[in-house]
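These notes concern the structure reproduced below.
Residue numbers (the numbering used here): 135 to 756.
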């Protein structure tokens, strides 16, 4: 048997001149970067080439917006989504949107609703997906609002980016419409809702425009959109602004991450690398490995159950799904039972996003034993150590992929699948061929050697351009092209990255970053609280939940329930504490007076175990 080729040998074969994985060097913002030679120039090119090719294939299976059931669904082909996106892009052109213009999008992944297209076909609203594609067709810059944020955070995000208009669903219209005057004062354009406003508070409704059925567009704008001429698209390059995503970091307000076209579209090719490498490492030929980038003749289906306003859902899943011509199945909200039913009904063969989704479906007794999964891909949160082995046992032919990236790396930076992952389940693999990674000392940022723990830094064509209007944070995070992730890690002798912990004070619930400071600031608004510390508690479904320990001000009286009730409206739903522990003594502190989070985590963790056991006991008796 021939020896297993090294990663260097594999990459040399895959990335040779003339292949889809061919690499070229560019100087970008003063840094010499390796980049994919054959990546799309901009998202307009990406969508147009693929959506017109797959015109007759089903693109979206979505729950109808007006339905409470996941089973009441609407199906759209790539061609239908393309035509609706073109029409909405023309509507945007009539409002002077052009290449480089910022347009905010806020809403769920759901695409269902009424016929607003004048097609007579009972089609759906210009929803999140259609809105995103429409903005991209113009070379404009979508500003992707995190719909879970509270109103103050939404004000911050919109005021930071100043989009010329906002496209959103009724839920976001209600929130944003209530602060429309403040948004206008901060330079934000008008709010337009892509669904009926009939259920929105009348006091708010006057501040939001509804995209009425069959909305009018000019023939001039339609012609411009179809031809790609007349709105500056010819000036859009790989270094042009592409989109704005938001990340929590360690502050209470999100930072706006400005990504370039090159950064985002690097993922289109990089996402094929883990499979191509695995094929060659398992003895396959170069030709077989190169074919990993080619869409299969038979259409596949993926469960897209993660938000599209996150880098995981948008670049990790949506862009991959479109490139491969897949059917993307959306959910209104997560439910393991509903997800399993969809897997069966829609013949879904690809699942993942975050480890909690893969784990929930894998462990569900409702999933038929003969249901076949072809691929399971996840990142965004640490998976259980046994997950790789469990997947291999359940679906021996499925390829499990573990990847690492972040908003600042426009998604995928490292990743692997197959035997290498199964043999190293604590790792997230090597960097992509166009990327680099290194470990540095947390204090000095001196580069460390193999197996030495420190902070991981990433370098490559996928690195963000900047934090919008935050030069200090940009300068701290980006130095000579290297982004300082804040994640504690090491690189082992194989060149595999292993994430050890998070240096930033955040927890991750179902892939969503929650800054401890966000929770603590909300708790501290209660005058009864003297001290508060937010720590993660383990959760088999979400990975982590929010735990809080508090001590009370002298003479104050409060219990867990009253604190939770007061803090609830101050926090987005996913950031609300699952447990609040009221201590009779001060929180543990070190010699410098800082709260020792590791000690708090142990204390809250023990209380969490007791609480979980107490909740499980009545069910066990039934």
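From the three backbone atoms N, C-alpha and C, an ideal C-beta is built for every residue, glycine too.
If you draw a straight line from the alpha carbon of residue 550 to that of residue 508, how long is it in whole angstroms? 16 Å
Give me the DSSP bridge partner(s) of residue 380. The beta-bridge partner set that DSSP reports for residue 380 consists of 390.
Taking Cβ to Cβ, would you say residue 571 is nearer than 8 Å to residue 631? yes
Cβ-based burial, residue 596 [other Cβ within 10 Å; buried from 16]: buried
Cβ distance (whole Å) where residue 416 is taken to contact residue 629 below 8 Å: Actually they do not touch by this definition, with Cβ atoms about 18 Å apart.
Count the C-beta pairs between the region 668–684 and the region 701–716 that are closer than 8 Å, then say yes if the count reaches three, no if not. yes
Buried or exposed: residue 218, going by 16 or more other Cβ atoms within 10 Å of its Cβ? In this structure residue 218 is buried. Its beta-carbon is surrounded by 16 or more other beta-carbon atoms within 10 angstroms.
Can residue 437 and residue 473 be called in contact, C-beta distance under 8 Å? yes
Note down the Cα distance separating residue 245 from residue 561, rounded to an integer number of angstroms. Residue placement at residue 245 is flagged as unreliable, the pLDDT there being 41, under the threshold of 50; the coordinate-derived value follows with that caveat. Cα to Cα, the separation comes out at about 36 Å.
What's the gap between the Cα of residue 175 and the Cα of residue 650? 39 Å
Which residue comes first and which comes last in the beta strand (DSSP E) that contains residue 444? Secondary structure note for residue 444: it is in no beta strand (DSSP E), with a DSSP letter that is neither H nor E.
Buried or exposed: where does residue 578 fall if 16 or more other Cβ atoms within 10 Å of its Cβ makes it buried? exposed
Option in 440, 265 and 721 with minimal Cα separation from residue 511: 440
Span separating the alpha-carbon of residue 646 from that of residue 517: 14 Å
Proximity winner among 290, 633, 296 and 188, relative to residue 431 (alpha-carbon distances): 188
Whose C-beta lies closer than 6 Å to the C-beta of residue 447 among residues of the same chain, with five residues either side of it excluded? 440 and 441
Using only the alpha-carbon positions, how far apart do residue 520 and residue 689 sit? Rounded to whole angstroms, residue 520 to residue 689 spans 48 Å at the Cα level.
Which residue's Cα is closest to the Cα of residue 111: 614, 669, 657 and 136? In the structure as shown, the chain starts at 135 and stops at 756, and residue 111 therefore has no counterpart that could be examined.
Within 8 Å, strictly: CB atoms of residue 589 and residue 545: The Cβ atoms of residue 589 and residue 545 do not sit closer than 8 Å to each other.
Where does the unbroken beta strand (DSSP E) through residue 399 begin, and where does it stop? Element bounds for residue 399: not the beta strand (DSSP E) but the alpha helix (DSSP H), 395–404.
Residue burial classification, residue 738 (beta-carbon count within 10 angstroms, cutoff 16): buried
Going by alpha carbons, who is nearest to residue 377 out of 346, 137 and 397? Measuring from the Cα of residue 377, the nearest candidate turns out to be 397.
Locate the beta strand (DSSP E) running through residue 677, then write down its first and last residues. 677–686
Suppose contacts are defined by Cβ-Cβ distances below 8 Å. Is residue 375 in contact with residue 394 by that definition? yes
So if DSSP puts residue 170 in a beta bridge, which residue, or which two residues, is it bridged to? Beta-bridge partners assigned by DSSP to residue 170: 157.
Is residue 185 helix, strand or coil by DSSP? Reduced to three states, the DSSP call for residue 185 is helix.
Per-residue DSSP class, three states only, for residue 306: helix
Span separating the alpha-carbon of residue 662 from that of residue 686: 6 Å
Can you grab the Cα-Cα spacing for the pair residue 696 / residue 266, in whole Å? 41 Å
I'd like to check one pair, residue 277 with residue 226: are the Cβ atoms closer than 8 Å? no
Per DSSP, which residues does residue 436 bridge with? Please list them. 462 and 484
On the DSSP letters alone, give me the boundaries of the beta strand (DSSP E) that residue 647 sits inside. 646–649
Determine contact between the region 333–345 and the region 357–367, defined as no fewer than three beta-carbon pairs at a distance below 8 Å. No: fewer than three Cβ pairs fall under 8 Å.
Start-to-end residues for the beta strand (DSSP E) that takes in residue 616: Bounds of the beta strand (DSSP E) holding residue 616 are 616–625.
Same chain, Cβ closer than 7 Å to residue 165, neighbours up to 5 away in sequence not counted: 614 and 615
In angstroms, rounded to a whole number, what distance separates the CA positions of residue 536 and residue 555? If I take the Cα positions, the gap works out to 7 Å.
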